[in-house]
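J.:
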Ligand SMILES: Cc1cc2nc3c(=O)[nH]c(=O)nc-3n(C[C@H](O)[C@H](O)[C@H](O)COP(=O)(O)O)c2cc1C
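Residue numbers (my numbering): 173 to 554.
(1) Hey, how far is the Cα of residue 177 from the Cα of residue 448?
(2) Could you round the C-beta distance between residue 405 and residue 350 to whole angstroms and report it? I think they count as a contact, below 8 Å.
(3) Three-state secondary structure (DSSP) at residue 352?
(4) With DSSP run on the structure shown, which of helix, strand or coil describes residue 481?
(5) In the DSSP output, what is residue 369 paired with across the bridge?
(6) Buried or exposed for residue 319, please, with buried defined as at least 16 other CB atoms from any protein chain shown within 10 angstroms of its CB.
(7) Would you kindly work out how many angstroms separate the C-alpha atoms of residue 346 and residue 514, rounded to a whole number?
(8) Can you tell me whether DSSP reads residue 447 as helix, strand or coil?
(9) Can you tell me where the alpha helix (DSSP H) with residue 377 in it begins and where it stops?
(10) Closest to residue 352 by CA distance: which of 284, 296, 423, 283 is it?
(11) Looking at C-beta atoms only, is the number of pairs between the segment 236-252 and the segment 208-218 that lie closer than 8 Å three or more?
(12) To the nearest whole angstrom, what separates the beta carbons of residue 303 and residue 354, a pair I think is in contact under 8 Å?
(13) Residue 329 and residue 298 - do their beta-carbons sit closer together than 9 Å?
(14) Using 8 Å as the cut-off, can you tell me whether the segment 329-340 makes contact with the segment 391-407, which would need three or more C-beta pairs spanning the two stretches below that distance?
(15) Output needed for residue 466: all residues of its chain with C-beta closer than 6 Å, excluding positions within five of it in sequence on either side, in chain order.
(16) Classify residue 417 as helix, strand or coil using the three-state DSSP reduction.
(17) Hey, residue 411 and residue 386: beta-carbon distance below 9 Å or not?
(18) So, for residue 481: in the same chain, excluding its five sequence neighbours on each side, which residues have a beta-carbon less than 8 Å away from its beta-carbon?
(19) Assign residue 380 to one of two classes, buried (16 or more other C-beta atoms within 10 Å of its C-beta) or exposed (fewer than that).
(20) Give the DSSP-derived three-state secondary structure of residue 523 in the structure shown.
(21) Please give me, in chain order, every unbroken run of the beta strand (DSSP E) with length at least 3 that falls completely inside the segment 193-227.
(22) Which same chain residues, not among the five before or five after residue 227, have their C-beta less than 6 Å away from its C-beta?
(23) For a test of your reading of the model: does the CB of residue 368 fall under 8 Å from any non-hydrogen atom of ligand 2? Yes or no.
(24) Is residue 430 near ligand 1, going by C-beta to nearest heavy atom under 8 Å?
(25) Have a look at the DSSP bridge pairing and note the partners of residue 406.
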């Protein structure tokens, strides 16, 4: 079985699947359950000096595997976390031999007051979230926390904070690692029968998380990983082992999960870790380190891939189930698939857009093998 233990900031994680901040780790008991369920390490809900005024309702299922939320940070006071909840989390982490990370927000003053108190509890690292800050305040906050504690510091970045690669590069002298991304928004969803928002926040605004977020999260992780040398925790839309593998390839050393835990329960930590292990074994890897950042090594300098000779996809007759989906999605009239007949591609009309290949449910359409593709010389991205 491939090794999936990971070191980050000098801490050892038994698997690379850890919680991302949310109600799934919203108190000591939830943290204990995450540890029992096989989380690779623990990370608690974001705590600030004042308890959050969380509106009702504040979570809403969106699409497939997505969620809108208006949960803010912890509704529990920092006193309760310091007197009770952290202790339960720390005990659970010790029992399972895994690190415990606290998440703090938001201003420099919040972090300077809470940071040393957290450090005194014996917590392994502090993540700080920048969700409600502008770029100048983010750097100021990082500097303040660096001055206040000697623990490893992880900056959790939000997709609305601008160029995350640039931001990470500016933060790198002050922090030890990055986590990205937080949820995306603000968003708005209206129940059209009542013309009311689905969430109880001001204007009904909320933040998108879960499966729909994944391509954005993967891009952000890649963007940060290609700009900085410090490790990245990949978060956003991870629902299964293959999603996690994609994040590792984009440069993540660990992955954090929140929404999928809310939908499927704590047991998902172990399930995803097992799926990662299985994928590595099936693909002949012996250690997860072999795939971490492999995409960054390949494309981190801005290489583009372009086909030497643009070719239309080919139909693999023994695979085609004659469902016709490829023809339905072809707006260039290049694919025909009459009832119960094999799909056929007209290469004169085909513009190689790729949509038919990606909708085929049985991979019966294929572009030419990658080894026939010419790579252009590296070009730096603007
Ligand atoms: C209900 C809910 C509450 C969240 N609370 C926090 C929080 O307190 N602090 C934080 O940094 N991120 C918070 N997040 C964001 C998640 O940690 C994570 O970054 C984001 O949801 C993307 O990951 P996912 O798609 O696995 O959920 C929350 C997300 C959800 C869905």
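All C-beta atoms in this analysis are idealised placements derived from N, C-alpha and C, irrespective of residue type, glycine included.
T.: Once the coordinates are examined:
(1) Stepping through the chain shown from its first residue, residue 177 is reached at position 5. Stepping through the chain shown from its first residue, residue 448 is reached at position 276. Rounded to whole angstroms, residue 177 and residue 448 show a C-alpha spacing of 11 Å.
(2) On the chain shown, position 233 is the one that residue 405 refers to. On the chain shown, position 178 is the one that residue 350 refers to. Between residue 350 and residue 405 the Cβ distance is about 7 Å, and since that is below 8 Å, they are a contact.
(3) Taking the first residue of the chain shown as position 1, residue 352 is located at position 180. The answer is strand: DSSP assigns residue 352 an E or B state.
(4) Here the question's residue 481 lines up with position 309 in the chain shown. Bear in mind that the predicted position of residue 481 carries a pLDDT of just 49, short of 50, making it unreliable; the figure below should be weighed with that in mind. Looking at residue 481 - three-state DSSP - the assignment turns out to be coil, as it is neither helix nor strand.
(5) As a first step, residue 369 is located in the chain shown; it is residue number 197 there, counting from the start. DSSP, once it has assigned bridges, lists 362 as partnering residue 369.
(6) Here residue 319 is taken as the residue at index 147 of the chain shown, counted from 1. Per the 10 Å Cβ criterion, exposed.
(7) Walking along the chain shown from the start, residue 346 turns up at place 174. Walking along the chain shown from the start, residue 514 turns up at place 342. Straight through space, the alpha carbons of residue 514 and residue 346 are spaced by roughly 59 Å.
(8) Taking the chain shown and counting its residues from 1, one reaches residue 447 at position 275. Helix.
(9) Against the chain shown, residue 377 aligns to sequence position 205. First-last for residue 377: 377-382, but that is the beta strand (DSSP E), not the alpha helix (DSSP H).
(10) Working through the chain shown from its first residue, we reach residue 352 at position 180. Closest by alpha carbon: 423.
(11) Contact holds: three or more Cβ-Cβ distances are below 8 Å.
(12) Here residue 303 refers to the residue found at position 131 of the chain shown. Here residue 354 refers to the residue found at position 182 of the chain shown. Distance from residue 303 to residue 354 at the Cβ level is roughly 5 Å; contact confirmed, criterion being Cβ atoms closer than 8 Å.
(13) The residue given as residue 298 occupies position 126 in the chain shown. The residue given as residue 329 occupies position 157 in the chain shown. At the C-beta level, residue 298 and residue 329 stay beyond 9 Å of one another.
(14) With the cut-off at 8 Å, the segment 329-340 and the segment 391-407 touch.
(15) One-based indexing of the chain shown puts residue 466 at position 294. Excluding positions up to five away in sequence, the list reads 421.
(16) Reading the chain shown from its first residue, position 245 is the one you call residue 417. In this structure, residue 417 counts as helix in the three-state DSSP scheme.
(17) Counting from one through the chain shown, the residue named residue 411 turns up at place 239. Counting from one through the chain shown, the residue named residue 386 turns up at place 214. In contact: residue 411 and residue 386 (Cβ atoms closer than 9 Å).
(18) Against the chain shown, residue 481 aligns to sequence position 309. Only weak support is given to the placement of residue 481: the predicted model assigns it a pLDDT of 49, under 50, and the value that follows is read from those uncertain coordinates. So no residue of the chain qualifies.
(19) For the purposes of this step, residue 380 is identified with residue 208 of the chain shown, where counting begins at 1. Under the 10 Å beta carbon count, residue 380 is surrounded by 16 or more other beta carbons and is classified as buried.
(20) For the purposes of this step, residue 523 is identified with residue 351 of the chain shown, where counting begins at 1. Three-state DSSP puts residue 523 in coil, outside helix and strand.
(21) Listed in chain order, the complete beta strand (DSSP E) runs (minimum 3 residues) inside the segment 193-227 are 214-219.
(22) The residue labelled residue 227 in the question sits at position 55 within the chain shown. Listed in chain order, the non-local C-beta contacts of residue 227 below 6 Å within the same chain comprise 242, 372, 373, local neighbours out to five positions each way being set aside.
(23) By its list of ligands, the structure shown excludes ligand 2, since it contains just ligand 1.
(24) In the chain shown, residue 430 corresponds to position 258, counting from 1. Checking every heavy atom of ligand 1 against the Cβ of residue 430, one is found closer than 8 Å.
(25) In the chain shown, counting from the first residue as 1, residue 406 sits at position 234. DSSP lists 352, 427 as partners of residue 406.
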